[in-house]
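Visitor: Here you go, one structure.
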Amino acid sequence: MSVQRSELTFDEVAAKYPDFPRLPLLKIDIQRRGVLYSDAALELFDPAVHQGGGTHIFGNRDGKITGRPEGMWLRDGTSLVVTTAPIEQNPYIIDAIDGKLYVADQGKPIEEVFYWEKPDYYDKKTSGGIAMQNVISARPQRLSLSPYRYCWFWSDEGGGGCKFCDIVSNLKQAKNEVAMPTKLDLTDIRETLNEALKERGRYTAICVTGGSDIRGETPFDSEADYYIEALRAVGESFSAPKIPIQLICTAMKKDQLQRIYDNTPVSSVTMDIETLDEEQFNRVCPGKAKWIGYKEMKRRLFDAVEVFGENRVNTGTVGGVELAEPTRFRSEDEALERYLSEADDLAAHGVSAIHCVWNPNQGSAFAGRRNGSLEYYVRLAQGLQEIRRRHNLLIDFDDYRRCGNHPDTDLARVF
Amino acid sequence: MSRAKSNDALLQEALSRFNEEGAIKVLTTLDENGAPHSVCKGSLRWSGELIESWEILESSETNRNLTRAIWFDKPIAILLITPDKKTYQFSVKASRNIVSGKEFTRAYEAAQERYGGRAIAGVWRYEIVSVKDETPSTRIAEEQAARPYFVHLDQLAKKDNL
Ligand code: SF4
Numbered sequence: 136m137s138v139q140r141s142e143l144t145f146d147e148v149a150a151k152y153p154d155f156p157r158l159p160l161l162k163i164d165i166q167r168r169g170v171l172y173s174d175a176a177l178e179l180f181d182p183a184v185h186q187g188g189g190t191h192i193f194g195n196r197d198g199k200i201t202g203r204p205e206g207m208w209l210r211d212g213t214s215l216v217v218t219t220a221p222i223e224q225n226p227y228i229i230d231a232i233d234g235k236l237y238v239a240d241q242g243k244p245i246e247e248v249f250y251w252e253k254p255d256y257y258d259k260k261t262s263g264g265i266a267m268q269n270v271i272s273a274r275p276q277r278l279s280l281s282p283y284r285y286c287w288f289w290s291d292e293g294g295g296g297c298k299f300c301d302i303v304s305n306l307k308q309a310k311n312e313v314a315m316p317t318k319l320d321l322t323d324i325r326e327t328l329n330e331a332l333k334e335r336g337r338y339t340a341i342c343v344t345g346g347s348d349i350r351g352e353t354p355f356d357s358e359a360d361y362y363i364e365a366l367r368a369v370g371e372s373f374s375a376p377k378i379p380i381q382l383i384c385t386a387m388k389k390d391q392l393q394r395i396y397d398n399t400p401v402s403s404v405t406m407d408i409e410t411l412d413e414e415q416f417n418r419v420c421p422g423k424a425k426w427i428g429y430k431e432m433k434r435r436l437f438d439a440v441e442v443f444g445e446n447r448v449n450t451g452t453v454g455g456v457e458l459a460e461p462t463r464f465r466s467e468d469e470a471l472e473r474y475l476s477e478a479d480d481l482a483a484h485g486v487s488a489i490h491c492v493w494n495p496n497q498g499s500a501f502a503g504r505r506n507g508s509l510e511y512y513v514r515l516a517q518g519l520q521e522i523r524r525r526h527n528l529l530i531d532f533d534d535y536r537r538c539g540n541h542p543d544t545d546l547a548r549v550f
Numbered sequence: 006m007s008r009a010k011s012n013d014a015l016l017q018e019a020l021s022r023f024n025e026e027g028a029i030k031v032l033t034t035l036d037e038n039g040a041p042h043s044v045c046k047g048s049l050r051w052s053g054e055l056i057e058s059w060e061i062l063e064s065s066e067t068n069r070n071l072t073r074a075i076w077f078d079k080p081i082a083i084l085l086i087t088p089d090k091k092t093y094q095f096s097v098k099a100s101r102n103i104v105s106g107k108e109f110t111r112a113y114e115a116a117q118e119r120y121g122g123r124a125i126a127g128v129w130r131y132e133i134v135s136v137k138d139e140t141p142s143t144r145i146a147e148e149q150a151a152r153p154y155f156v157h158l159d160q161l162a163k164k165d166n167l
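The structure is reproduced here in structure tokens:
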């Protein structure tokens with residue numbers, strides 16, 4: 136039996152939720168459906184000025200990793216971190232009219248959009264000869280660093296990677312197409328970061344993330360070690376002891392987190408639980424289920440608040456993956472109720488739950504499945520932000536500016 | 006719009022005085038409950054094509070209200086008082102918030118120069134909806150001409166009777 140979903144159109148959802156801002160609503164729908172660039176839109180893309188698609192740890196719905204615009208803004212400064220999707224999947228069309236870029240649907244322009252601008256360091260190379268844009272990628276206001284790009288949950292003893300995840304196939308492709316190394320050299324990191332920081336006013340945060348590493352005396356020691364190395368290398372560029380760095384790592388034990396916090400300039404941590412239901416978690420994230428477990432993940436998140444402090448810990452979820460069949464949820468309503476009650480429990484312990492819009496990427500086990508309806512994502516974003524408000528939790532380290540990929544944290548702009 | 010001048014002439018006059026040294030500019034936005042919130046906004050300027058301002062604080066009430074304004078199409082007012090007390094009220098809409106890119110960098114560097122190294126959170130741009138001449142002497146003359154009943158009788162009495 137398939138999951139019962141809302142069938143409301145964009146206009147119907149906008150009318151039903153008048154308190155939900157229209158630009159973030161459009162963002163959600165664009166993220167949900169993906170985009171396709173028209174030839175006219177690509178003609179407006181100037182590689183000397185605009186930011187081209189870089190390599191990231193995760194891929195796209197159409198399987199292309201480079202050779203396209205990286206992202207866009209809406210006129211309110213909202214970032215569109217988008218996935219490109221083939222025409223059969225009914226994406227929004229990015230089109231150009233009279234020299235201006237628009238997002239269009241059914242042949243009608245809906246809203247003007249603007250290509251992200253290219254960072255100054257993007258065309259440079261490190262002394263080791265690696266393109267700096269492959270060492271650290273950028274969003275309009277954030278630097279993203281993935282020191283290690285393999286995830287050991289996909290190894291023989293890993294138990295299985297997350298079903299929505301394409302990290303390994305994406306890494307293989309990036310190695311073939313742009314000679315992306317699995318592990319970054321610290322000198323390359325230092326050189327790239329120093330070059331990036333020359334651009335005044337551009338960056339407000341650094342996000343450091345990568346694949347999970349089960350190796351070590353106790354599981355994930357090895358992951359903690361390489362994050363400490365990389366974070367310390369990052370810290371060499373700054374005079375302050377703590378800087379706005381978000382570490383997105385595996386849910387480690389308290390002593391591992393303490394070691395990272397005490398020895399590096401990191402100031403916030405994100406440990407992704409991916410989906411807020413134990414049964415679906417076990418199905419979708421078998422590696423995490425084997426090596427950590429759902430209840431233990433929650434405990435470790437609560438511990439992280441003791442290490443990092445209030446308003447410094449969150450957990451990412453792949454919004455809509457709870458609807459991926461087979462699932463125990465019979466409807467979006469049921470899934471949402473469960474999801475938000477778990478988010479409320481996390482918030483009561485000082486942990487924010489955030490979501491991104493799940494895209495069934497081509498290189499993942501869930502390729503071709505359906506994500507949630509627009510109404511589902513509206514209720515999810517609104518629900519998560521309301522929970523944060525109720526529990527007085529700030530999400531500054533993962534907001535529209537420091538990240539830009541989470542519709543629920545976009546809403547935090549006005550609170 | 007003022008009845009004394011055509012819309013266009015008044016707009017041109019107001020804009021020509023927008024960047025005058027010593028002019029006071031007040032930006033009024035609406036909060037979550039619809040209550041007005043006013044701040045003196047020295048960075049408001051007419052670029053020759055549009056009105057824009059810098060926002061220093063990410064968490065300021067004005068920044069949040071401007072975001073609400075661009076999301077929910079809420080009205081915004083800008084009051085301009087020139088050094089010789091000519092007063093204009095612009096009704097505007099938030100049209101764009103620039104937070105990154107070369108235009109932002111230029112503003113960021115200019116703001117740092119002006120504010121001794123302080124950063125800005127963003128540049129807001131405004132679309133002009135209308136302008137009114139709110140100069141007290143102009144408004145008094147307008148009311149006297151158009152609404153003759155709005156007067157106190159002693160103002161009309163023979164001086165000898167007072
Ligand atoms: S933990 Fe899961 S989502 Fe993260 S990289 Fe590994 S398999 Fe992918």
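If you read the protein sequences in the order shown, they are chains C and P.
Under our numbering, read the first sequence as residues 136 to 550, first letter to last.
Under our numbering, read the second sequence as residues 6 to 167, first letter to last.
We put the CB at the ideal spot given by N, CA and C, even for glycine.
Would C:ARG157 pass as an interface residue toward chain P - the criterion being a Cβ-Cβ separation below 9 angstroms?
Guide: Position 22 of the first sequence, counting from 1, holds the residue named residue 157 of chain C. Yes - at least one Cβ of chain P is within 9 angstroms of the one on C:ARG157.
Visitor: Ends of the alpha helix (DSSP H) at C:LEU306?
Guide: Here residue 306 of chain C is taken as the residue at index 171 of the first sequence, counted from 1. 302-313 is the span of the alpha helix (DSSP H), which, as asked, contains C:LEU306.
Visitor: If we call anything under 9 angstroms between Cβ atoms a contact, is C:ALA459 one with C:LEU411?
Guide: Within the first sequence, the letter at position 324 stands for residue 459 of chain C. Within the first sequence, the letter at position 276 stands for residue 411 of chain C. In this structure, C:LEU411 does not lie closer than 9 angstroms to C:ALA459 by Cβ.
Visitor: Beta carbon of P:ILE86, beta carbon of P:TYR131: below 9 angstroms?
Guide: Looking up residue 86 of chain P in the second sequence gives position 81. Looking up residue 131 of chain P in the second sequence gives position 126. No, the Cβ-Cβ distance between P:ILE86 and P:TYR131 is not below 9 angstroms.
Visitor: Can you find a CB in chain C that lies within less than 9 angstroms of the CB of P:ASN102?
Guide: On the second sequence, residue 102 of chain P is found 97 positions in, with the first residue counted as 1. So yes, P:ASN102 belongs to the interface.
Visitor: Helix, strand or coil: how does DSSP classify P:MET6 here?
Guide: By 1-based counting over the second sequence, the position of residue 6 of chain P is 1. Low confidence applies to P:MET6: its pLDDT is 42, below 50, so where it sits in the model is not reliable, and the reading given next is rough at best. If DSSP states are grouped into helix, strand and coil, P:MET6 belongs with coil.
Visitor: Using a beta-carbon distance cut-off of less than 7 angstroms, what residues from the stretch 123-135 of chain P approach chain C?
Guide: ALA124, GLY127
Visitor: For C:THR385, verify whether its CB is less than 8 angstroms away from any heavy atom of ligand 1.
Guide: The sequence position of residue 385 of chain C within the first sequence is 250, counting from 1. Yes - ligand 1 has a heavy atom lying nearer than 8 angstroms to the Cβ of C:THR385.
Visitor: Excluding the five sequence neighbours on either side, which residues of its own chain have a C-beta within less than 7 angstroms of the C-beta of C:GLY345, listed in chain order?
Guide: Translated into the one-based positions of the first sequence, residue 345 of chain C becomes position 210. Here the set comprises ILE192, SER281, PRO282, TYR283, ARG284.
Visitor: Tell me, please, which residues DSSP counts as bridged to C:ILE530.
Guide: As a working note, residue 530 of chain C is residue 395 in the first sequence. Answer is none; C:ILE530 lacks a bridge partner.
Visitor: Under 5 angstroms from any heavy atom of ligand 1, by CB: list those residues in chain order, please.
Guide: Taking each Cβ in turn, the ones that pass are C:CYS286, C:PHE288, C:GLY296, C:CYS297, C:CYS300, C:ILE302, C:GLY346, C:SER347.
Visitor: Hey, could you find the ends of the beta strand (DSSP E) C:VAL448 is sitting in?
Guide: Residue numbering aside, residue 448 of chain C sits at position 313 when the first sequence is read from its first letter. Its beta strand (DSSP E) spans residues 448-454.
Visitor: Assign C:ILE522 to buried or exposed, taking buried as 16 or more other Cβ atoms, counted over all protein chains shown, within 10 Å of its Cβ.
Guide: Position 387 of the first sequence, counted from the start, is the residue given in the question as residue 522 of chain C. Classification for C:ILE522: buried.
Visitor: How would you list, in chain order, the residues of chain C whose beta-carbon sits under 9 angstroms from the beta-carbon of P:TYR113?
Guide: The residue you call residue 113 of chain P lines up with position 108 of the second sequence. Going along chain C in sequence order, the residues near P:TYR113 (Cβ under 9 angstroms) are ARG335, GLY336, ARG337.
Visitor: Enumerated in chain order, which unbroken segments of the beta strand (DSSP E) with a length of 3 residues or greater are wholly contained in the stretch 58-125 of chain P?
Guide: Taking 3 residues as the minimum length, the beta strand (DSSP E) runs contained wholly in the stretch 58-125 of chain P are 81-86, 92-103, in order along the chain.
Visitor: Shortest alpha-carbon distance to C:GLN139 belongs to which of C:GLY503, C:GLN520, C:ARG463?
Guide: As a working note, residue 139 of chain C is residue 4 in the first sequence. Residue C:ARG463 is the option with its Cα nearest to C:GLN139.
Visitor: According to DSSP, is C:PHE249 helix, strand or coil?
Guide: Sequence index remark: in the first sequence, residue 249 of chain C carries index 114 (1-based). Strand, per DSSP.
Visitor: Let me know the secondary structure DSSP gives C:TRP493 once reduced to three states.
Guide: Within the first sequence, numbered from 1, the residue matching residue 493 of chain C stands at position 358. Note: C:TRP493 maps to coil in three-state DSSP.
Visitor: Are the C-beta atoms of C:ARG88 and some chain P residue less than 9 angstroms apart?
Guide: Within the shown structure, residues of chain C are numbered from 136 to 550, placing residue 88 of chain C beyond reach of any answer.
Visitor: In angstroms with no decimal places, state the Cα-to-Cα distance between C:GLU205 and C:ASN496.
Guide: Numbered from 1 along the first sequence, position 70 holds the residue referred to as residue 205 of chain C. Numbered from 1 along the first sequence, position 361 holds the residue referred to as residue 496 of chain C. When rounded, the distance between both Cα atoms is 16 angstroms.
Visitor: Under three-state DSSP, which class holds C:PRO379?
Guide: Indexing the first sequence from 1 puts residue 379 of chain C at position 244. C:PRO379 falls in the coil class under three-state DSSP.
Visitor: Closest Cβ-Cβ distance between C:LEU179 and chain P: below 9 angstroms?
Guide: As a position in the first sequence, residue 179 of chain C is number 44, starting the count at 1. Cβ-Cβ to chain P under 9 angstroms: no for C:LEU179.
Visitor: Which value, in whole angstroms, describes the spacing of the CA atoms of C:GLY455 and C:GLU409?
Guide: Taking the first residue of the first sequence as position 1, residue 455 of chain C is located at position 320. Taking the first residue of the first sequence as position 1, residue 409 of chain C is located at position 274. Roughly 10 angstroms separates the two Cα atoms.
Visitor: Can you check which of these residues, P:GLU57, P:ALA115, P:ARG123, is closest to P:SER100 by C-alpha distance?
Guide: In the second sequence, the residue the question calls residue 100 of chain P occupies position 95. Nearest of P:GLU57, P:ALA115, P:ARG123 to P:SER100, Cα basis: P:GLU57.
Visitor: What are the boundary residues of the alpha helix (DSSP H) that C:TRP426 is part of?
Guide: On the first sequence, residue 426 of chain C is found 291 positions in, with the first residue counted as 1. 421-426 is the extent of the alpha helix (DSSP H) around C:TRP426.
Visitor: Buried or exposed: C:ARG514, going by 16 or more other Cβ atoms within 10 Å of its Cβ?
Guide: Stepping through the first sequence from its first residue, residue 514 of chain C is reached at position 379. Result: buried.
Visitor: Taking just the CA atoms, how far does C:ARG473 sit from C:TRP289?
Guide: On the first sequence, residue 289 of chain C is found 154 positions in, with the first residue counted as 1. On the first sequence, residue 473 of chain C is found 338 positions in, with the first residue counted as 1. Straight-line Cα distance between these residues: approximately 28 angstroms.
Visitor: P:TRP59 versus chain C: which residues are under 8 angstroms apart at the beta carbon?
Guide: Taking the second sequence and counting its residues from 1, one reaches residue 59 of chain P at position 54. Chain C residues near P:TRP59: none, gap ~11 angstroms exceeds 8 angstroms.
Visitor: Let me see if you follow: with CB-CB separation under 9 angstroms, is P:SER105 close to chain D or not?
Guide: Of the chains in the structure shown, none is chain D; the protein chains are C and P.
Visitor: Express the C-alpha separation of C:TRP493 and C:ARG167 in angstroms, rounding to a whole number.
Guide: Along the first sequence, read from residue 1 onward, the residue named residue 167 of chain C stands at position 32. Along the first sequence, read from residue 1 onward, the residue named residue 493 of chain C stands at position 358. Roughly 7 angstroms separates the two Cα atoms.
Visitor: Any C-beta of chain P sitting closer than 9 angstroms to the C-beta of C:ARG523?
Guide: Here the question's residue 523 of chain C lines up with position 388 in the first sequence. C:ARG523 does not count as touching chain P.
Visitor: So C:ILE395 packs on C:GLY451, CB below 8 angstroms; how close in whole Å?
Guide: By one-based count along the first sequence, residue 395 of chain C stands at place 260. By one-based count along the first sequence, residue 451 of chain C stands at place 316. That pair is no contact at about 18 angstroms.
Visitor: For C:PHE532, collect the residues of the same chain with a Cβ closer than 6 angstroms to its Cβ; drop the 5 residues on either side in sequence, then sort them by chain order.
Guide: Translated into positions along the first sequence, residue 532 of chain C becomes position 397. Excluding positions up to five away in sequence, the list reads GLN381, SER403.
Visitor: Report yes if the C-beta distance between C:GLU467 and C:SER499 is below 9 angstroms; otherwise report no.
Guide: The sequence position of residue 467 of chain C within the first sequence is 332, counting from 1. The sequence position of residue 499 of chain C within the first sequence is 364, counting from 1. Contact: no.
Visitor: Within 10 angstroms of the Cβ of P:ALA151, are there 16 or more other Cβ atoms? Answer buried if so, exposed if not.
Guide: Residue numbering aside, residue 151 of chain P sits at position 146 when the second sequence is read from its first letter. Result: exposed.
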